[in-house]
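With our numbering, you'll find the sequence shown wraps up at 226, consecutive numbering, no jumps. Think of the CB as a built atom: it goes at the ideal place given N, C-alpha and C, for glycine as much as any other residue.
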Amino acid sequence: MHDLDPIELSRQLKKPTGKLGNQVGKKLNESNRELYKQAWEMVDFSSVQQILEIGFGNGKHLSQYFELNPDITVTGIDFSGEMCKEARDFHPELVEEAKLHIHCADSSSMPVIDHSHDFVIGLNILYFWDPPGLHLKEIARVLKPQGKLLLGYRPRQAVEHLAFTKQNFILYEPEELEDLLSNCGFSIISHQQNRYAKQAADGTEVEVTDICLMAEPA
Ligand SMILES: C[S@@+](CC[C@H](N)C(=O)[O-])C[C@H]1O[C@@H](n2cnc3c(N)ncnc32)[C@H](O)[C@@H]1O
Numbered sequence: 009m010h011d012l013d014p015i016e017l018s019r020q021l022k023k024p025t026g027k028l029g030n031q032v033g034k035k036l037n038e039s040n041r042e043l044y045k046q047a048w049e050m051v052d053f054s055s056v057q058q059i060l061e062i063g064f065g066n067g068k069h070l071s072q073y074f075e076l077n078p079d080i081t082v083t084g085i086d087f088s089g090e091m092c093k094e095a096r097d098f099h100p101e102l103v104e105e106a107k108l109h110i111h112c113a114d115s116s117s118m119p120v121i122d123h124s125h126d127f128v129i130g131l132n133i134l135y136f137w138d139p140p141g142l143h144l145k146e147i148a149r150v151l152k153p154q155g156k157l158l159l160g161y162r163p164r165q166a167v168e169h170l171a172f173t174k175q176n177f178i179l180y181e182p183e184e185l186e187d188l189l190s191n192c193g194f195s196i197i198s199h200q201q202n203r204y205a206k207q208a209a210d211g212t213e214v215e216v217t218d219i220c221l222m223a224e225p226a
């Protein structure tokens, strides 16, 4: 993926489109596996009935929510038509049984009723919210009163040297994200960092910093 022109890669990460978008979606399944694992470990799934994931990529992982809680209902929102089609194609039975609802929509205006979800999760999507307040306000609208928001991301210092983050991406350090959420009416519950080494496509070892922040409407 890193052999793509950085501007094209940046566009594709923001909104995977066409055949290349399908390849990018597949690559994301591998590169963000650890971040999903970290995020899911922070959630007590036994108390979650309705979960909403924003920006699910190709959605291959969406069936795993049912391993964590078989009685859960999952709503997925993504504004890429290709990603929505792939997600439906991966899980036809779940869609048929109305356990999984896929909506092709922008997270600033979601076709979801007020105060209907226990959890909203969004991994590697925060960078593309401009302005972020619009999306956070919309998330607060769809969360139940005791609902929670979980955002997963890589901090500015860990990714700003990567050429593809120079366009389309708004990067944050943890304190900046906490301030943003507080200004948008959320209280921070926890903020966890996971640093590990992994092998890059060219065989070299690279250090990765994944962060998950959990918050709730104040
Ligand atoms: C970088 S990918 C991350 C995919 C997956 N969450 C992961 O971490 O591997 C960003 C995803 O968010 C979607 N997306 C970006 N901005 C969005 C928005 N405003 N509303 C809905 N989906 C959005 C893109 O289409 C894409 O599927």
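Residue i versus residue j - alpha carbon distance
i	j	result
L28	M91	11 Å
I85	H143	12 Å
V150	T81	14 Å
A106	S71	13 Å
P119	H111	8 Å
D13	P182	29 Å
I62	L185	18 Å
G33	R41	12 Å
N176	I133	11 Å
D114	E49	27 Å
E94	E213	31 Å
S117	E146	7 Å
Distance between beta carbons of residue j and residue i, contact taken as under 8 Å
i	j	result
I196	L221	7 Å
G193	L159	With a Cβ gap of about 15 Å, G193 and L159 do not count as contacting.
F53	L76	4 Å
E224	G155	7 Å
Coil, strand or helix - residue i by DSSP
i	result
A226	coil
T25	coil
E8	Absent from the model: residue 8. The displayed extent of the chain is 9 to 226, so no value can be given.
T212	coil
Q57	coil
V82	strand
C192	coil
E175	The amino acid at residue 175 is misidentified as Glu; the sequence shows Gln. Reduced to three states, the DSSP call for Q175 is coil.
N66	coil
Exposure label - residue i; buried when at least 16 CB within 10 Å
i	result
H169	exposed
Y135	buried
D122	exposed
S88	buried
Q207	exposed
Which runs of the beta strand (DSSP E) fall wholly inside the region 98-171 and span at least 3 residues, in chain order? Whole beta strand (DSSP E) segments, 3+ residues: 108-112, 125-131, 151-161.
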